[in-house]
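The structure appears right after this line, and notes come after that.
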Amino acid sequence: MDSEFTAFCQGLGLSSEDARIIKDKLDESTTYQNTLDVASTTAKLALGEDRVIPPTNKAVVNVNWSLACVAEPHCIIQPEDAQDVSKVMKIVKHFKIRFAVRSGGHSPNPGWSSVESTGVLIDLQRLNQVVLSSDKALASLGPGGRWGEVIKTLDNQGATVIGARGPGVGVAGTILGGGLFHLTEFGLGADNVKNFEVVLADGTIINANSEQNSDLFWALKGGGPNFGVVTRFDLYTVPVREVWYNVLAYSPDQAPEVIDAFVQYQKGGGSSDVKTTASLIMGIDTVLLLLVYGASQPHQGTFEPFYDVKPYQVIVPAITGTFSSLTDVFALVDTVEPMRHDYRGISTRIDAQLDKEVYKFWREKALAVREATGANQIFSLQPISANVAIQGIAKGGNPMGIPQEDHQCKEPSQLVE
Numbered sequence: 001m002d003s004e005f006t007a008f009c010q011g012l013g014l015s016s017e018d019a020r021i022i023k024d025k026l027d028e029s030t031t032y033q034n035t036l037d038v039a040s041t042t043a044k045l046a047l048g049e050d051r052v053i054p055p056t057n058k059a060v061v062n063v064n065w066s067l068a069c070v071a072e073p074h075c076i077i078q079p080e081d082a083q084d085v086s087k088v089m090k091i092v093k094h095f096k097i098r099f100a101v102r103s104g105g106h107s108p109n110p111g112w113s114s115v116e117s118t119g120v121l122i123d124l125q126r127l128n129q130v131v132l133s134s135d136k137a138l139a140s141l142g143p144g145g146r147w148g149e150v151i152k153t154l155d156n157q158g159a160t161v162i163g164a165r166g167p168g169v170g171v172a173g174t175i176l177g178g179g180l181f182h183l184t185e186f187g188l189g190a191d192n193v194k195n196f197e198v199v200l201a202d203g204t205i206i207n208a209n210s211e212q213n214s215d216l217f218w219a220l221k222g223g224g225p226n227f228g229v230v231t232r233f234d235l236y237t238v239p240v241r242e243v244w245y246n247v248l249a250y251s252p253d254q255a256p257e258v259i260d261a262f263v264q265y266q267k268g269g270g271s272s273d274v275k276t277t278a279s280l281i282m283g284i285d286t287v288l289l290l291l292v293y294g295a296s297q298p299h300q301g302t303f304e305p306f307y308d309v310k311p312y313q314v315i316v317p318a319i320t321g322t323f324s325s326l327t328d329v330f331a332l333v334d335t336v337e338p339m340r341h342d343y344r345g346i347s348t349r350i351d352a353q354l355d356k357e358v359y360k361f362w363r364e365k366a367l368a369v370r371e372a373t374g375a376n377q378i379f380s381l382q383p384i385s386a387n388v389a390i391q392g393i394a395k396g397g398n399p400m401g402i403p404q405e406d407h408q409c410k411e412p413s414q415l416v417e
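In UniProt numbering, the protein residues as written are 1 to 417.
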């Protein structure tokens, strides 16, 4: 055995007998398929048999939110800590094999958190720790956690962090992609990270923060998952315990009125009051309006533009609760049934006429698609306040380039059973 291979095996903590098993199997064939088999065997020896799962285990393979993103990998490797992830990355690098990393698997893009049989899937579900510091100022989260459980766990301990709104969304994808929460007062989730623990491509474990590896720290704050495998997110908690919310339903015929009110809100209280946010989720048959305020009661007049449009149903009466109870409400519109999902987003300035024209065009096409295929669709409008960018800059900056002006995101999504 050459010195490079010996050093590789020693770096994984393997015995000389383990190294001999790997070398003999590697010498059987020079094909890529055999290399994959050897990599799988190496992972079993380095991490344990129970950490390497065959693709026949559909309960693990099919975790992805969208069925369109489910792929059958050569095997699934489930590390339990940063040291395990380091070993896996050393294996991937040494054998030069394809891989994908999955946190919550909530991306609609095939190949982002899945890989075909020509690669291995690194599944981070076991790295799901939620640890609150003794002074409750910092929460350390594993990348494999889901926000529903994270928020509930922290809520029970009297703490809140900026994360995702949907309970089934994974921690890592949210923060590495930005992380829009119920509030914009504190910026995005990525702007509230104190430190990332990261495993680099060569297996090195480092910390990235404002003082160590600060360039990587900046890049990870919304710059995506391709800089390393983050194994711990240290997030600042925020001093908000009570939250007010209200969910209203309107008919499609009322959509133009609701859109007008939505734009008035964005130009009024939605712009001047950083504690408020609203979401307009327009289905083919129903228009849902979700109002949220980061205190026990909203300021008078904040949501006034909506009071002149009478809903046909009050889904959730105005109530003061916690972020845990609010997350339960969002579960009502967070699809959990296995479906093929797709969505795209575009940012625009605030323009009622544009919104109404786009909605009309979208609904006509969505009705035709549903008639022909049975596919359902949703069209959402989400305000992005200038404070999102302002907070990002104040907290050291990020690579997302969000403009310092009030604008909105338009997001059509498709759901196919």
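Where a beta carbon is used, it is the ideal one built from N, C-alpha and C, also for glycine.
Determine the direct distance from the alpha carbon of residue j to that of residue i, and round the result to whole angstroms.
i: HIS407; j: ALA375; result: 30 Å
i: LEU332; j: SER15; result: 52 Å
i: LEU326; j: PHE8; result: 49 Å
i: ILE281; j: LEU381; result: 7 Å
i: SER214; j: SER3; result: 35 Å
i: ILE384; j: ARG165; result: 15 Å
i: LYS152; j: ASP328; result: 10 Å
i: LEU289; j: GLN266; result: 13 Å
i: ASN226; j: ALA394; result: 25 Å
i: SER296; j: THR348; result: 31 Å
i: LEU141; j: ALA255; result: 40 Å
i: ALA278; j: ILE390; result: 19 Å
i: LEU47; j: HIS341; result: 34 Å
i: SER272; j: VAL292; result: 15 Å
Buried or exposed: where does residue i fall if 16 or more other Cβ atoms within 10 Å of its Cβ makes it buried?
i: HIS182; result: buried
i: THR139; result: The sequence as given places Ala at residue 139; Thr does not occur at that position. Buried, because 16 or more other Cβ atoms sit within 10 Å of the Cβ of ALA139.
i: ALA372; result: exposed
i: GLN78; result: buried
i: VAL171; result: buried
i: ILE162; result: buried
i: TYR359; result: buried
i: THR56; result: exposed
i: TYR312; result: exposed
i: GLU197; result: buried
i: TYR405; result: Note that residue 405 corresponds to Glu in the displayed sequence, not to Tyr. GLU405 should be labelled exposed.
i: PHE303; result: buried
i: GLN377; result: buried
i: ARG102; result: buried
i: GLY13; result: exposed
i: GLN125; result: buried
Put residue i into one of helix, strand or coil per three-state DSSP.
i: TYR359; result: helix
i: PRO311; result: coil
i: ASN99; result: First, the amino acid is wrong: residue 99 is Phe here, not Asn. The answer is strand: DSSP assigns PHE99 an E or B state.
i: LEU26; result: helix
i: LEU124; result: coil
i: LEU367; result: helix
i: PHE186; result: coil
i: PHE181; result: coil
i: ASP342; result: strand
i: GLY374; result: coil
i: GLN264; result: helix
i: MET282; result: strand
Since residue i and residue j are thought to touch, with beta carbons under 8 Å apart, how far apart are those beta carbons, to the nearest angstrom?
i: LEU176; j: LEU220; result: 6 Å
i: THR160; j: GLU242; result: That pair is no contact at about 10 Å.
- Message: Using a Cβ distance threshold of 8 Å, determine whether the stretch 108–118 contacts the stretch 135–150, with at least three qualifying pairs required.
- Response: These segments do not touch.
- Message: Measuring CB atoms only, is the stretch 303–320 touching the stretch 247–256, in the sense that at least three cross pairs come out at less than 8 Å?
- Response: The stretch 303–320 is in contact with the stretch 247–256.
- Query: Counting pairs of beta carbons, one from the stretch 357–372 and one from the stretch 94–103, are three or more of them closer than 8 Å?
  - Reply: no
- Message: Measuring CB atoms only, is the stretch 81–96 touching the stretch 156–176, in the sense that at least three cross pairs come out at less than 8 Å?
- Response: no
- Any chance the stretch 17–29 sits against the stretch 78–87, with 3 or more Cβ pairs inside 8 Å? no
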